[in-house]
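Student: Just dropping this structure here.
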Amino acid sequence: MSGLLQAEHLSRFFGGLAAVTDVNLSVREGSIHSIIGPNGAGKTTLFNLLSGVLPPSRGRILFRGEDLTGLQSHQVARRGVARSFQITSVFPALTVAENLRIAARRHAGPAEAEARVERVLADVELDGKAGATAGSLSHGDQRHLDIGIALATGPSLLLLDEPTAGMPPHETHGTVALVRRLRDQHGLTIVLIEHKMDIVMSISDRITVMRFGEKIAEGTPAEVQRSEEHTSELQSLAYL
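Residues 29 to 268 in the numbering used here are what the sequence shown lists, from first letter to last.
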């Protein structure tokens with residue numbers, strides 16, 4: 029197994045509960061890789077392991093060949109792995125630019141941080157709202173700001189946890205376009221958790237299917253759709 033990011037036999041237990049069990053994952057550089065599965069499948073726990081929010085109970089995590097197992101989240105971020113969360117993590121009383129500046133200055137000097145803020149504002153199409161308070165933004169713009177905060181750390185791998193959650197169709201389309209642009213124009217590798225199957229099938233290079241903490245299928249969108257063993261489960265996911 030080879031890739032920009034590798035998880036080898038990754039497991040996480042909470043007492044007697046196995047939230048993630050023996051998951052192997054390889055994410056190719058420059059790809060969009062989706063993680064899907066019903067609620068409680070272990071998707072967000074897997075993200076927490078990959079980003080250093082939680083340590084694994086077993087297994088290891090490699091990024092560009094470096095063992096990240098057991099590193100804390102800020103140490104993982106410094107190595108080029110950033111993530112967004114299901115619930116936006118913006119500071120609502122601060123401006124859009126200030127939110128980005130806080131993230132950028134944790135990973136770069138003042139001059140580079142300011143340059144990153146300007147670039148990210150354009151990337152997430154919030155340059156016209158740099159002085160607005162984050163709390164005044166629409167839900168979709170707050171989601172984009174949350175992605176921007178992750179981008180301001182200067183990652184090469186971006187983990188997005190349900191980036192279109194709660195969005196109406198027009199905002200969903202804008203976010204899908206943003207994800208594609210980050211990969212196609214900026215060369216980022218993106219792993220995302222998503223429940224909207226039309227998005228998953230249209231945007232993904234590869235898909236990993238999880239259930240009860242285990243990986244049960246993986247492949248291209250066409251390969252996953254053809255998997256007879258999991259056809260009924262994939263159909264049910266389309267309605268989540």
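Where is the CB? At the ideal position from N, CA and C, for every residue including glycine.
Please read all numbers here as calculations on a predicted model, not as lab measurements.
Going by DSSP, what residues sit across from His61 in a beta bridge?
Tutor: As a first step, residue 61 is located in the sequence shown; it is residue number 33 there, counting from the start. DSSP lists Val219 and Arg234 as partners of His61.
Student: Around the C-beta of Val252, are 16 or more other C-beta atoms found within 10 angstroms, so that it is buried, or is it exposed?
Tutor: In the sequence shown, counting from the first residue as 1, residue 252 sits at position 224. Answer is buried; the Cβ neighbour count reaches 16.
Student: Just reading off the beta strand (DSSP E) that Glu242 is part of, what are its end residues?
Tutor: As a first step, residue 242 must be located in the sequence shown, where it is residue number 214. That run of the beta strand (DSSP E) goes Glu242 to Gly247.
Student: With distance defined between alpha-carbon atoms, name the residue in Thr49, Ser166, Lys224 and Pro183 nearest to Glu190.
Tutor: In the sequence shown, residue 190 corresponds to position 162, counting from 1. When only C-alpha atoms are compared, the closest one is Lys224.
Student: Roughly how many angstroms separate the alpha carbons of Ser54 and Arg107, rounded to a whole number?
Tutor: Position 26 of the sequence shown, counting from 1, holds the residue named residue 54. Position 79 of the sequence shown, counting from 1, holds the residue named residue 107. Rounded to the nearest angstrom, the two C-alpha atoms are 18 Å apart.
Student: Which same chain residues end up closer than 8 Å to Arg239 when comparing Cβ atoms and leaving out the 5 residues on each side of it in sequence?
Tutor: One-based indexing of the sequence shown puts residue 239 at position 211. Around Arg239: Gly65, Pro66, Ala69 and Glu261.
Student: From what residue to what residue does the beta strand (DSSP E) around Ile89 run?
Tutor: The residue labelled residue 89 in the question sits at position 61 within the sequence shown. Here the beta strand (DSSP E) through Ile89 covers Arg86 to Phe91.
Student: For Thr49, which residues of its own chain have a beta-carbon under 7 Å away from its beta-carbon, when the five flanking residues on both sides are left out?
Tutor: Taking the first residue of the sequence shown as 1, we reach residue 49 at position 21. Within the same chain, Thr49 has close Cβ partners Ser39, Gly241 and Glu242.
Student: Mind checking whether Leu187 and Ser79 have CB atoms under 8 Å apart?
Tutor: Here residue 187 is taken as the residue at index 159 of the sequence shown, counted from 1. Here residue 79 is taken as the residue at index 51 of the sequence shown, counted from 1. Contact: yes.
Student: Find the nearest neighbour of Gly87 within the set Pro120, Glu57 and Ala35, judged by alpha-carbon distance.
Tutor: Residue 87 sits at position 59 when you count from the first residue of the sequence shown. The candidate whose alpha carbon is nearest that of Gly87 is Ala35.
Student: Can you give, in chain order, each stretch of the beta strand (DSSP E) that sits fully within the segment 89-115 and has at least 3 residues?
Tutor: Counting only runs of 3 or more, we get 109-111.
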